[in-house]
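Residue numbers (the numbering used here): 1403 to 1905.
We treat Cβ as the ideally placed atom computed from N, Cα and C, and that holds for glycine.
Just so it is clear, the structure is predicted and the values come from calculations on it, not from any experiment.
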Amino acid sequence: MSALSGKVGAAMKLTDLLKNLEYKCIQGELDREVSQIVYDSRKEAKDIAEGCLFVCIEGAVFDGHEYAAEMVAKGAKVLVVSKAVKVPSDADVTIIQVENTRYAMAFISAAYFGNPADKLKVIGITGTKGKTTTTYLVKSILENAGYKVGLVGTIEVIIGDTHIHANNTTPESYLLQEYFAQMVEAGLDTVVMEVSSQALMQHRSQGFLFDYGIFTNLEPDHIGPNEHASFEEYMMYKGMLFRQCKVGIVNGDDKHWEQVVKGHTCELESFGMGQECMLRAENMKLVRKAGELGVAFHVAGLLDFDVEVPTPGRFSVYNALTAIAICRHFQVKEEDIRKALLTAHVKGRIEMVKVSEDFTLLIDYAHNAMALESLLTTLKEYEPHRLVCLFGCGGNRSRQRRFEMGEVSGRLADVTIITSDNPRFEEPQAIIDDIKVGMAKTSGKYVEICDRKEAIAYAIAHGEPGDIIVLAGKGHEDYQEIKGVKYPMDERVLIQEILDESH
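Listed below in structure tokens is the structure:
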């Protein structure tokens, strides 16, 4: 649950907040003024305005219905519930019953902030991989063409010059609507956002219609307790986006796309490398320059021009093509697209850091076996002198992930440097020992250096001409979590310190 619950200001009529919802008033008056929307029962009484509306959310740990009486005592005059609640019989409170309180909160929040999404072009991107990179590429292209673009994603929320650290890929519906309202106030005209399957399942992206809904790809992920029960369920929730948008843009090369868009209510178009795709990437070529890896291709079908991207591999083609498929609808000139793709960089996603003319160093967020395998396989296509992979694994997470990542790096990298990631409450050495279990299934060479800065210094000092060195796992993160404390640690800063110290 978020601790943010709202602006306190102009009161709104309850009937106006409920106008797009099916509901039953089971107690009290509908003719009420609402001062504030609250959905977090942990808020202090001083933070709650008299006359607020409290939405009883059922979470994985907390159930807001259990706090109904407490919230009435703090000043709530309206409760939105999906089941019976206990409140004092003489309480002056209106109780509104709905089928799903999360769904209701999305519409109530949209109304409370004056339906800000109606004043923006809203682009939503869903898929297992590529969401983050694509949102930044779209922002870069559209801004190059003169649009004012906000962003909501895994790393951050961007509103004009303001950058807000993100806790979830897609925020709670109330917070999302608040961000939209701030974007409208800041004079933005477009927002590009990542839409997670969790968000779709929890109705965080309800209450408005996306102008464009995009599907990148699908692989088994986020399946387990508190996430999705099965791959079929994961796929079904991804597909909800195509019943909440006007135009759907899908990766026609992904074998699941038809199942994902089943029951769609939007217009559909496709992109990919296959001949049947409406927007295609053809004649892909790998580009290698001093300290830089990239890819070039021809855009065919709905558009016709050549493009180059300064990030490596096939997935970079898909990310760029996705962005082009979206920006086509904004009448962006081909020249603007080309220019923006050459300069767009995403923090911690195959991010090149120039340290030498002799070898290439990059930072990437790959922190599970699937992502690491995809990354290392891509980099091997550039035929490096040696492929060097530096990584660790997070503590208090699946040990299986460590075995798998050790095995992947041992099989694909020429040299692996095993180090620490976020040990959390575990001993770093215990995690390294688990990674070595996976390494032992391969004939891969490895070095273990527990301190991450020392490990990076070793990688740079031992870099040979033609090497590709990848620092995997931390990506955009700028901290290291040890025993419940987050210490500042940004790999870009570490690299600069190492270079300064070596001169």
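Closest Cα partner of residue i within the set the options
i	options	result
Thr1844	Gly1812, Tyr1860 and Glu1899	Gly1812
Ala1588	Ala1547, Pro1518 and His1567	Pro1518
Ala1583	Gly1676, Glu1785, Ile1561 and His1565	Ile1561
Tyr1514	Leu1577, Val1748, Val1757 and Leu1781	Leu1577
Val1701	Val1711, Arg1690 and Glu1684	Glu1684
Glu1806	His1769, Gly1548, Met1642 and His1787	His1769
Asp1816	Pro1786, Pro1830 and Glu1829	Pro1786
Val1495	Tyr1881, Ile1428, Thr1618 and Ala1447	Ile1428
Lys1523	Ile1439, Leu1705, Phe1509 and Val1540	Val1540
Leu1789	Gly1609, Glu1472, Gln1604 and Ile1862	Ile1862
Arg1740	Val1755, Leu1705 and Asp1760	Leu1705
Arg1504	His1467, Lys1885 and Asp1656	His1467
Leu1416	Leu1723, Ile1497 and Phe1673	Ile1497
Arg1854	Glu1829, Asp1823 and Glu1435	Asp1823
Met1680	Val1457, Asp1655 and Glu1621	Asp1655
Arg1801	Ala1698, Glu1829, Thr1556 and Asn1653	Glu1829
Presumed contact (8 Å Cβ cut-off) between residue i and residue j, rounded CB distance
i	j	result
Gly1477	Glu1452	4 Å
Lys1648	Asp1591	Not quite, the Cβ-Cβ distance comes to about 16 Å (not below 8 Å), so this is no contact.
His1666	Met1637	Not really, about 13 Å apart at Cβ, beyond 8 Å.
Ser1575	Ser1511	5 Å
Ile1651	Glu1671	6 Å
Gly1797	Arg1826	4 Å
Val1482	Leu1455	7 Å
Val1551	Glu1545	5 Å
Leu1643	Val1597	6 Å
Exposed unless 16 or more other CB atoms sit within 10 angstroms - verdict on residue i
i	result
Thr1762	buried
Ile1911	With the chain running from 1403 to 1905 in the structure shown, residue 1911 is simply not present.
Thr1571	buried
Phe1793	buried
Tyr1937	Outside the displayed span of the chain (1403 to 1905) sits residue 1937, for which this structure offers no information.
Glu1899	exposed
Ala1773	buried
Asp1902	exposed
Phe1707	exposed
Val1887	exposed
Gly1548	exposed
Asn1569	exposed
Cys1889	Checking the sequence, you will find Tyr at residue 1889 rather than Cys. By the neighbour-count rule (16 or more Cβ atoms within 10 Å), Tyr1889 is not buried but exposed.
Gln1831	exposed
Lys1876	buried
Gly1676	exposed
Lys1885	exposed
Ala1506	buried
Pairwise C-alpha distance: residue j and residue i
i	j	result
Thr1528	Thr1535	12 Å
Gln1733	Tyr1639	31 Å
Arg1803	Cys1852	18 Å
Tyr1860	Ala1470	57 Å
Asp1493	Lys1521	First, the amino acid is wrong: residue 1493 is Ala here, not Asp. Taking the straight line from one Cα to the other gives about 39 Å.
Glu1753	Lys1479	51 Å
Gly1411	Ser1437	With a pLDDT of 49 at Gly1411, under the threshold of 50, the predicted position of this residue should be treated as unreliable, though the coordinate-derived value follows. So the two alpha carbons sit approximately 7 Å from each other.
Val1709	Thr1745	12 Å
Asp1869	Glu1850	19 Å
Ser1776	Leu1423	44 Å
Gly1461	Pro1573	14 Å
Ile1819	Ile1871	10 Å
Glu1883	Glu1856	17 Å
Glu1558	Arg1716	26 Å
Leu1419	Leu1432	11 Å
Met1595	Pro1490	43 Å
His1747	Met1841	32 Å
Glu1472	Val1440	13 Å
Ser1758	Val1719	26 Å
Val1689	Gln1608	42 Å
Lys1756	Ala1725	26 Å
Ile1566	Ser1599	22 Å
His1696	Tyr1848	As written in the sequence, residue 1696 is Gly, which differs from the His given in the question. Using only the alpha carbons, I get a separation of about 28 Å.
Glu1879	Val1586	29 Å
Any non-hydrogen atom of the ligand ADP within 8 Å of residue i CB
i	result
Val1662	In the structure on display, the ligand ADP does not appear, and there are no ligands present to speak of.
Problem set entry | Validate contact between the segment 1760-1774 and the segment 1875-1895 using beta carbons, cut 8 Å, 3 pairs | Flag = yes, the segment 1760-1774 and the segment 1875-1895 touch.
For this session: Check whether the segment 1826-1843 touches the segment 1720-1737, taking contact to mean three or more Cβ pairs, one atom from each stretch, closer than 8 Å.
Result: Result no; under three Cβ-Cβ pairs closer than 8 Å.
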